[in-house]
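>
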Amino acid sequence: MIDERKIREGEALLEQYRAGKEMLDRRMVENEEWYRLRHWAQLRKGQESPTASAWLFNAIQNKHADLMDNYPQPVFLPREAGDRADAELLTKIVPVVLEQNDFEATYDHVMLDKLKQGTGVYKIFWDRDKLGGLGDIGIRQAEVVNLFWEPGVSDIQESGNLFHVELVDRKKLSAAYPHLTFRGNGGTKVVSFRHSDYIDTTDKCMVVDWYYKKWQGGRAVLHYIKYCEGQLLYATENVAGMENGLYDHGLYPYELDVLFAEKDSPAGFGYVDIMKDAQISIDNLWHNFEENVVWNAKPRYFCKDGSGINEEQFANVKNSIVNYTGSLDNIEPIRGVPVGGNAISLYQLKIEELKETSNNRDFSQGGTASGVTAASAIAALQEAGSKTSRDMIKASYRSFTRIVRIVVELIRQFYDQPREFRILGEGGNEFVHYSNKNIKPSPHIVMGVDTGSRKPVFDIKITSQKSSPFSKVAQNELAKELYHMGFFNPELSDQALMAMKMMDFEGREEIMGDV
2 MIDERKIREG EALLEQYRAG KEMLDRRMVE NEEWYRLRHW AQLRKGQESP TASAWLFNAI
62 QNKHADLMDN YPQPVFLPRE AGDRADAELL TKIVPVVLEQ NDFEATYDHV MLDKLKQGTG
122 VYKIFWDRDK LGGLGDIGIR QAEVVNLFWE PGVSDIQESG NLFHVELVDR KKLSAAYPHL
182 TFRGNGGTKV VSFRHSDYID TTDKCMVVDW YYKKWQGGRA VLHYIKYCEG QLLYATENVA
242 GMENGLYDHG LYPYELDVLF AEKDSPAGFG YVDIMKDAQI SIDNLWHNFE ENVVWNAKPR
302 YFCKDGSGIN EEQFANVKNS IVNYTGSLDN IEPIRGVPVG GNAISLYQLK IEELKETSNN
362 RDFSQGGTAS GVTAASAIAA LQEAGSKTSR DMIKASYRSF TRIVRIVVEL IRQFYDQPRE
422 FRILGEGGNE FVHYSNKNIK PSPHIVMGVD TGSRKPVFDI KITSQKSSPF SKVAQNELAK
482 ELYHMGFFNP ELSDQALMAM KMMDFEGREE IMGDV
C-alpha cells in the first residue's frame with residue numbers, strides 16, 4: 002500500500018538523484034545559451050561583451066539538416082512464417098501511429114537537443130485520454146533536465162528508480178483532484194532555461210512521476226507513483242488489476258538518444274561542448290579586429306597643453322578654419338597599426354579548426370573547390386565527407402528502433418479493440434482494421450503438452466526517406482552507369498547478377514530480382 006510515508010522516501014531519493022545530476026543540468030542550461038549566441042553574457046557578466054559570431058550555430062544547423070534528411074521509417078520482418086501478415090500490417094500501421102503523434106516534429110526537437118546538449122529524450126507512453134477515453138499511444142519530447150536517474154548507471158533501464166518532474170497549473174490540478182489542496186510556486190524546484198520573456202511560475206505546482214521496478218515472478222515489473230507537494234495522486238500498487246505493473250514490457254517509458262557517450266552516465270555531451278573553445282577564440286579575434294578598424298577609421302591627435310589651438314573648432318569637422326597661436330608642431334596625429342597578416346591567418350585557422358572539429362567542411366554545406374563542378378563529383382565528395390554524420394544517424398536509428406519496439410509492445414498490451422487505419426495500398430488509400438489479437442501471448446501446445454506462451458517477435462529494419470537531393474543524385478548516377486554498362490541487357494544478365502552480388506547500394510535486391 003502506497004501512502005505518504007512512501008512519498009517521503011521518494012522525495013528524499015529524488016533529492017539524492019538531483020544532487021548527483023547538478024553539474025549536468027548546469028551544463029545543459031549553459032549550452033542552450035551558447036546555441037542562442039548569448040554565451041558572452043554569461044562569460045562576462047556585467048561587462049561589455051564582444052560580438053558573437055554564428056559559426057557554432059551554423060555547424061549545429063548543418064548537422065541537424067543531415068538528421069532531418071535521413072528521417073527514419075520502420076520495416077518489420079517476421080521471425081516465423083506465420084507472423085508475415087502481421088509484420089506487413091505493422092510496417093504500414095506503425096508509421097501512421099507516429100504520424101498521428103506528429104513524430105516528425107518531435108524528432109526535429111529531440112535531434113536539436115541531441116546536437117546542443119548531447120542528449121535528446123523521447124517519452125513513449127499510453128495516453129488514456131486520447132480518442133475520447135479509448136486511449137492510444139503517445140510520443141513526445143522530454144527535457145533531460147527534468148529527468149533524474151540513479152547516479153553512476155550508464156543506462157536508465159539499469160536505474161532502480163526514475164523520476165520525471167513537470168510544472169502543472171495549480172487550477173488544473175485542483176480541478177482534477179478537488180479533494181486535495183495545492184500551494185503552487187513549484188517553479189523554484191525545477192531547473193529552467195533562460196527565456197527572453199518573463200515566465201511566472203508562482204501558480205505552478207511541481208508534479209513528480211516516479212517509476213520504479215520490483216522483481217516478482219522471475220521478472221522486473223514496472224510500477225508508477227504520481228505525487229505533488231507530498232500528496233499522492235496515483236499509484237499502480239494501490240489499483241486492483243495492476244499487479245503486473247504499469248506496462249507489460251517492464252521498461253521505463255523514456256528513450257535517451259545520445260550523441261557522444263560519457264562513462265557511467267546515460268547522458269552524453271554535444272557539439273557545443275567540443276566547439277565552444279574555438280568559438281571563443283574566433284569571437285575574441287573578431288572583436289580585436291573591430292576595435293582596430295574603429296581605432297584607425299577615426300583620426301585622433303596628440304595635443305600639447307597650452308598649445309594655443311582652439312580644440313572646439315578643431316573637433317568640429319564643419320569648421321573650415323581653426324584658430325591657433327604658436328607652432329603647428331604642437332599637434333600630431335596618432336598613428337594606428339593595422340591588423341597584421343598573422344592575426345588574420347590565425348582567425349582563419351580558428352574557423353577551420355571549428356569546421357574540422359565539428360566535421361562541418363565546405364562540401365557538406367554545398368560549397369565546392371576550384372575545378373569541381375560535376376554533380377556526381379560533388380555528391381561523391383559529400384558522401385566521403387559525411388562519415389561522422391552517418392555515424393550519428395545510425396546512433397539515432399538505434400534509438401528509433403527501441404522506440405518502435407516499445408510502440409509494438411503498447412499495441413500488444415492495449416489494442417484489444419480493433420482500430421481503423423488509413424494506409425497506402427497498391428490501389429491508393431486503403432482502410433484496415435487492426436487489433437492485438439494475433440500478437441498477444443498465446444498458449445503454445447506441442448503434442449498436447451503446454452510448453453508455455455508464444456509471443457510473436459519481429460525484427461525491425463530502419464530505412465531512410467533519403468530526402469537529400471545529393472543522395473538522390475548519387476543514386477540516379479548509379480542507375481545510369483548500370484544502364485550504360487549493359488547491366489539491364491537480358492543477354493548479359495548472368496554477368497550483371499554476378500557483379501551486383503559484389504556491390505552494395507540501396508534497393509539492390511529488388512534490382513537483382515528485376516534483372
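Here my numbering is used: the first residue of the sequence shown is 2, the next is one more, and so on.
Backbone N, C-alpha and C fix where the C-beta goes; we use that ideal spot for every residue, glycine too.
Which runs of the alpha helix (DSSP H), 4 residues or longer, sit entirely within the segment 37-113?
Counting whole runs of 4 or more residues, the segment 37-113 contains the alpha helix (DSSP H) stretches 40-44, 56-70 and 85-101.
> Leaving aside the five residues before and after I441 along the sequence, list all residues of the same chain whose C-beta is less than 7 angstroms from its C-beta, in chain order.
Along the sequence shown, read from residue 1 onward, the residue named residue 441 stands at position 440. According to the sequence shown, residue 441 is Lys rather than Ile. Closer than 7 angstroms at the Cβ level, and outside the excluded window around K441, lie R413.
> How many whole angstroms separate the CB atoms of D170 and I394, which I take to be in contact at a CB cut-off of 8 angstroms?
Taking the first residue of the sequence shown as position 1, residue 170 is located at position 169. Taking the first residue of the sequence shown as position 1, residue 394 is located at position 393. Wrong, their Cβ atoms sit about 38 angstroms apart, outside the cutoff.
> Quick check on G187: buried or exposed, where buried means 16 or more other Cβ atoms within 10 Å of its Cβ?
If you number the sequence shown from 1, residue 187 lands on position 186. So G187 counts as buried.
> Which stretch, first to last residue, makes up the alpha helix (DSSP H) that contains E244?
By 1-based counting over the sequence shown, the position of residue 244 is 243. From DSSP, E244 is part of no alpha helix (DSSP H); its letter is neither H nor E.
> Could you tell me whether the segment 190-205 touches the segment 240-250, using the rule of 3 or more Cβ pairs below 8 angstroms?
Taking 8 angstroms as the limit for Cβ pairs, the verdict is that the segment 240-250 does not touch the segment 190-205.
> Tell me the start and end of each unbroken alpha helix (DSSP H) in the segment 149-194 that is at least 4 residues and wholly inside, in chain order.
Runs found: 171-177.
> Okay, do the segment 268-279 and the segment 171-187 touch, 3+ Cβ pairs below 8 angstroms being the bar?
Too few Cβ pairs lie closer than 8 angstroms, so no.
> Let me check understanding here. Comparing Cα to Cα, which of M513, F164 and P300 lies closest to K22?
The sequence position of residue 22 within the sequence shown is 21, counting from 1. Of the listed residues, the one whose Cα sits closest to K22 is F164.
> On a Cα-Cα basis, can you pick out the residue from K305, N320, I322 and I352 that is closest to N331?
Position 330 of the sequence shown, counted from the first residue, corresponds to residue 331. Selected option, being the one with the closest Cα: K305.
> Give me the Cα-Cα distance between I226 and V209, rounded to the nearest whole angstrom.
As a working note, residue 226 is residue 225 in the sequence shown. As a working note, residue 209 is residue 208 in the sequence shown. Taking the straight line from one Cα to the other gives about 8 angstroms.
> Hey, quick one: how far does the beta strand (DSSP E) through T464 stretch, first residue to last?
Counted from its first residue, the sequence shown places residue 464 at position 463. Per DSSP, T464 belongs to the beta strand (DSSP E) from F459 to S465.
> Tell me the rounded alpha-carbon separation between W150 and Y255.
Numbered from its first residue, the sequence shown carries residue 150 at position 149. Numbered from its first residue, the sequence shown carries residue 255 at position 254. Each residue's Cα considered, the two are about 11 angstroms apart.
> Under DSSP, the alpha helix (DSSP H) around A279 begins and ends at which residues?
The count along the sequence shown starts at 1 and reaches residue 279 at position 278. Per DSSP, A279 belongs to the alpha helix (DSSP H) from Y272 to A298.
> Could you tell me whether the Cβ atoms of T52 and E291 are closer together than 8 angstroms?
Residue 52 sits at position 51 when you count from the first residue of the sequence shown. Residue 291 sits at position 290 when you count from the first residue of the sequence shown. Yes, the Cβ-Cβ distance between T52 and E291 is below 8 angstroms.
> Let me know the alpha helix (DSSP H) ranges lying completely inside the segment 328-357, each 4 residues or longer, listed in chain order.
You should have found no qualifying run.
> Under three-state DSSP, which class holds D392?
The residue labelled residue 392 in the question sits at position 391 within the sequence shown. In the structure shown, D392 sits in a helix (DSSP, three-state: H, G or I).
> By the three-class DSSP mapping on this structure, what secondary structure does M29 have?
As a working mapping, residue 29 is identified with position 28 in the sequence shown. M29: helix per DSSP, three-state reduction.
> Out of curiosity, what's the CA-to-CA distance linking R336 and N297?
Start at 1 with the first residue of the sequence shown, and residue 336 comes out as number 335. Start at 1 with the first residue of the sequence shown, and residue 297 comes out as number 296. Cα to Cα, R336 sits roughly 8 angstroms from N297.
> What's the C-alpha gap between E1 and M504?
Since the first residue shown for the chain is 2 and the last is 516, residue 1 is missing from the structure and cannot be characterised.
> Start and end of the beta strand (DSSP E) containing K214?
For this step, residue 214 is matched to residue 213 along the sequence shown. Note, K214: beta strand (DSSP E), K205 to Q217.
> Under a Cβ-count criterion, where at least 16 other Cβ atoms within 10 Å of its own Cβ denotes burial, should V458 be classed as buried or exposed?
Position 457 of the sequence shown holds residue 458. V458 is exposed by the Cβ-count criterion.
> For the beta strand (DSSP E) that contains L234, what are its first and last residues?
The residue labelled residue 234 in the question sits at position 233 within the sequence shown. Where L234 is concerned, the enclosing beta strand (DSSP E) stretches over Q232 to A236.
> Bridge partners for T120 per DSSP, in chain order?
Residue 120 sits at position 119 when you count from the first residue of the sequence shown. Beta-bridge pairing links T120 to V259.
> Quick check: V95 and V405, are their CB atoms within less than 8 angstroms of each other?
By 1-based counting over the sequence shown, the position of residue 95 is 94. By 1-based counting over the sequence shown, the position of residue 405 is 404. In this structure, V405 lies closer than 8 angstroms to V95 by Cβ.
> For R423 and N430, which I take to be in contact (beta-carbon distance under 8 angstroms), what is that distance rounded to the nearest angstrom?
What you label residue 423 is simply residue 422 of the sequence shown in a count that begins at 1. What you label residue 430 is simply residue 429 of the sequence shown in a count that begins at 1. Going by Cβ atoms, the distance from R423 to N430 rounds to 6 angstroms, so yes, they are a contact pair.
> Can you give me the Cβ contacts of R19 inside the same chain, cut-off strictly under 7 angstroms, excluding the 5 residues immediately before and after it?
The residue labelled residue 19 in the question sits at position 18 within the sequence shown. Cβ neighbours of R19 beyond the five flanking positions: F149.
> Could you spell out where the alpha helix (DSSP H) holding K502 opens and where it closes?
Within the sequence shown, numbered from 1, the residue matching residue 502 stands at position 501. Start and end: S494 to K502.
> Just to confirm, is the Cβ distance from K214 to G161 under 8 angstroms?
Translated into the one-based positions of the sequence shown, residue 214 becomes position 213. Translated into the one-based positions of the sequence shown, residue 161 becomes position 160. Yes; because the gap between Cβ atoms is below 8 angstroms, this pair is in contact.
> In chain order, what residues of the same chain have a beta carbon less than 7 angstroms from the beta carbon of F401, not counting five sequence neighbours either side?
Numbered from its first residue, the sequence shown carries residue 401 at position 400. Taken in chain order, the residues that qualify are P73 and I463.
> What do you get for S371, buried or exposed, if any count of 16 or more other CB atoms within 10 angstroms of its CB means buried?
By 1-based counting over the sequence shown, the position of residue 371 is 370. Reliability of the predicted coordinates at S371 is poor, the pLDDT of 48 falling under 50, and no value is obtained from them.
> How is V222 classed by DSSP in three states: helix, strand or coil?
Translated into positions along the sequence shown, residue 222 becomes position 221. Reduced to three states, the DSSP call for V222 is strand.
> Which stretch, first to last residue, makes up the beta strand (DSSP E) that contains D137?
Indexing the sequence shown from 1 puts residue 137 at position 136. Element bounds for D137: D137 to A143.
> With respect to the beta strand (DSSP E) encompassing Y302, which residues constitute its N-terminal and C-terminal limits?
Start at 1 with the first residue of the sequence shown, and residue 302 comes out as number 301. That run of the beta strand (DSSP E) goes Y302 to C304.
> Smallest Cα separation from S54: which of E357, D103, N285 and H485?
Translated into the one-based positions of the sequence shown, residue 54 becomes position 53. When each option's Cα is compared against that of S54, the closest is N285.
> Is R399 helix, strand or coil by DSSP?
Here the question's residue 399 lines up with position 398 in the sequence shown. Helix, per DSSP.
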